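Under UniProt numbering, the first residue of the sequence shown is numbered 1, with each subsequent residue one higher. Take a look at the structure below.
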Amino acid sequence: MNNNEVSKKGTLLDKISIGIAITLVIVICNEFFQVIPTHKTKLEGALLLSPLLIAPIGIIIGLISIIKDRTILAIWGVIINIILGSFPFFYRILVTLIIGP
């Protein structure tokens with residue numbers, strides 16, 4: 001397989017990168033919809049900052065997978081983890097613009 005070709009089969013690292021992204025989406029959605037209540041605990045919204053710590057791990061795993069064997073799943077894993085890693089910044093900017101400082 002050439003370096004420019006993209007494979008459609010996924011490897012374990014691809015699935016781990018996508019799994020990290022899915023887990024972060026579930027945590028963020030839980031903060032807004034409170035399926036599992038966390039506002040009455042000591043966390044109180046700190047879970048919105050979890051993508052800052054966990055998404056870089058998914059990005060690194062996805063990049064390793066891209067270097068090893070370029071697959072569509074790895075590329076999507078990196079893209080989604082980059083978006084989720086920047087989510088807290090966009091969220092704070094949006095809330096500041098809507099509600100005010």
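For glycine and all other residues, C-beta sits at the position ideal for the given N, C-alpha and C. All values derive from a computational prediction rather than experimental measurement.
Three-state secondary structure assigned by DSSP to residue i
i: S86; result: coil
i: E44; result: coil
i: G100; result: coil
i: P37; result: coil
Close-in-space but distant-in-sequence residues of the same chain around residue i (CB under 8 Å, 5 per side omitted)
i: E44; result: T38
i: Y91; result: L48
i: K8; result: T71, I72
i: P88; result: L48, L49, P51, L52
i: V6; result: R70, T71, I72, I75
Opposing strand residues paired with residue i [DSSP bridges]
i: S7; result: T71
Distance between beta carbons of residue j and residue i, contact taken as under 8 Å
i: I59; j: I82; result: 6 Å
i: L24; j: A46; result: That pair is no contact at about 14 Å.
i: I61; j: I75; result: In fact, because the Cβ distance is near 13 Å, the residues do not count as touching under 8 Å.
i: A21; j: I80; result: 4 Å
Own chain partners of residue i with C-beta closer than 7 Å, once the 5 adjacent residues on each side are dropped
i: G10; result: T71, L73
i: K40; result: none
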